[in-house]
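Peer 1: Here you go, one structure.
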Amino acid sequence: MKDSPILIVGKNAKTGWRVEQRLKEMGLDTRGVSRSTSPAFDWEDQDTWRAAMENTRSAYITFHPDLAIPAAEQAIRDFVALAVELGLEHLVLLSGRGEDGARRAEIALQECGLDWNIVRANWFMQNFSESFMVEGILGGELRLPAGDTVEPFVDVDDIADVAVAALTRPELRNRVFEVSGPRAMTFAQCVAAISKATGYPVKYTQVPVERFIDGMRDEGAPEPLLWLMHELFTVVFDGRNAIPVSGVQEALGRPATDFDAYVARVVKSGAWDRQGLREIS
Ligand SMILES: NC(=O)c1ccc[n+]([C@@H]2O[C@H](COP(=O)([O-])OP(=O)(O)OC[C@H]3O[C@@H](n4cnc5c(N)ncnc54)[C@H](OP(=O)(O)O)[C@@H]3O)[C@@H](O)[C@H]2O)c1
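Numbering-wise, this note's numbering comes out as the position in the sequence shown, counting from 1, plus 96.
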C-alpha cells in the first residue's frame, strides 16, 4: 500500500489539478480521476467508484458540485465506507466554511476510523478567473445578489499547498485546517481591484436573489446548482465567514496570499485579456 498512488478525486477541478501537479513534482505517484478519466469516477454513479479507488493509499477528495448540497453527506458516507473496505489509510476532504451540509459530510470522515484531514475553505479567489464569474468580469459587469457581504477569499494555490502538506506530512494528520485569505473584501471591492489591474472598467451590480436564480434557470443551470446558489446567497453569505482564519499559516508556516497578489498573477497569465475595449483613463 505504501507505494500505491495517491488518489485525487476531481482531477480537473480548481484545486484537484494543482494538488496532482505538486505531488508529481515531489516524485509521488498519483491517480487523478473524474468522469472523463480512465478509470472514470462519477459522484452520481457509484458503480465507477471501486475501480477508481482500489490499490490507492490515500485520497484528496473534492465533491461535485458542492459539499453543501443535501446529497453530499450520503455520498461522502458511502465513499468513506468503500475507502475503509479497500484499505486506504488517509483521507483529505476539501470542505466549505459555514455550510451545515458540508459539516455533516466532514463528520462522516472524522468518524470513519481512518486518518483524516479537512481543508475547510472560504470562497475561492479563482471564482473570479476560472469559474462562473469570469464572464461578468470580461463583460464589464458582475451581477450578483451578494450585497455588502465581506468574504476573505482564499487563493486555491494556497489550498493546494495545504492539501499537499496534509497528504505528505504525517504529523499534520487528523486536523482541520480552516483556510482563507488575509483580508475580507466585498465583491464590489474585488471587482474594483480587478478593474484597476486590468485597465478596463468592470462594475459590480446588486441583483435580487430570485432574479439571479431565474436567470441561471433560463440559461439551463441544473437544479442542484440553483439550490446551491440560493443557499449561498440567502444563508451562507450572512457574514458568518467574514473573519480571516489561520489554516494556511498553521499548515505551511507562511501567510496566506493577498487578493492583490492573486489579481497580479491572473493579469500576467492573460486570463482576463479582452480585445477592443477602451482603457480607463
Ligand atoms: N468554489 C468555491 O469557492 C468553494 C469554496 C469552498 C469549498 N468549495 C468546494 O470545492 C468543491 C468544488 O471544487 P471546484 O470548484 O474546484 O470544482 P470545479 O472546478 O467546479 O470542478 C469541476 C470538475 O469536476 C468534475 N466533475 C463534474 N461533475 C462530476 C461528477 N459528477 N463526478 C466527478 N467529477 C465531476 C469535472 O471534470 P470531468 O468533466 O472530467 O468529470 C470538472 O472538471 C466543492 O466540493 C465545494 O464544496 C468550493
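For glycine and all other residues, C-beta sits at the position ideal for the given N, C-alpha and C.
Distance, Cα to Cα, Ala217 vs Ala198?
Peer 2: So the two alpha carbons sit approximately 11 angstroms from each other.
Peer 1: Let me know the alpha helix (DSSP H) ranges lying completely inside the segment 287 to 331, each 4 residues or longer, listed in chain order.
Peer 2: 305 to 314, 319 to 327
Peer 1: Would the beta-carbon of Ala352 fall within 7 angstroms of that of Gly243?
Peer 2: Contact annotation: Ala352 and Gly243 have beta-carbon atoms that are not nearer than 7 angstroms.
Peer 1: Tell me which residue opens and which closes the alpha helix (DSSP H) that Thr264 is part of.
Peer 2: 252 to 264
Peer 1: Ignoring anything shorter than 4 residues, give me the alpha helix (DSSP H) runs that lie fully in the segment 146 to 202, in order along the chain.
Peer 2: 168 to 182, all fully within the segment 146 to 202.
Peer 1: From the DSSP output, in three-state form, read off Arg118 for me.
Peer 2: helix
Peer 1: Hey, how far is the Cα of Ala284 from the Cα of Tyr300?
Peer 2: 5 angstroms
Peer 1: Just grab the DSSP bridge partners of Glu237 for me.
Peer 2: According to DSSP, Glu237 bridges with Lys299.
Peer 1: Contact between the segment 228 to 247 and the segment 170 to 188: three or more CB pairs below 8 angstroms?
Peer 2: no
Peer 1: Do Ala109 and ligand 3 come close, with the Cβ less than 6 angstroms from some heavy atom?
Peer 2: Only ligand 1 can be found as ligands here, which leaves ligand 3 out of the picture.
Peer 1: Would you call the segment 113 to 123 and the segment 131 to 141 in contact, with 3 or more CB pairs under 8 angstroms?
Peer 2: Look at the beta carbons and you see the segment 113 to 123 not touching the segment 131 to 141: under three pairs across the two are nearer than 8 angstroms.
Peer 1: For Cys144, which residues from the same chain have a beta carbon less than 6 angstroms from its beta carbon, with the 5 sequence-adjacent residues on both sides left out?
Peer 2: Looking at the sequence itself, residue 144 is Thr, so the reference to Cys does not match. So the qualifying residues of the chain are Ala136, Phe137, Asp138.
Peer 1: Are the segment 254 to 265 and the segment 286 to 295 touching by the rule of at least three beta carbon pairs closer than 8 angstroms?
Peer 2: No, because fewer than three Cβ pairs between the segment 254 to 265 and the segment 286 to 295 fall closer than 8 angstroms, the two stretches do not touch.
Peer 1: Measuring only from the beta carbon, is Gly277 closer than 6 angstroms to any heavy atom that is part of ligand 1?
Peer 2: Incorrect: Gly277 has no Cβ contact closer than 6 angstroms to ligand 1.
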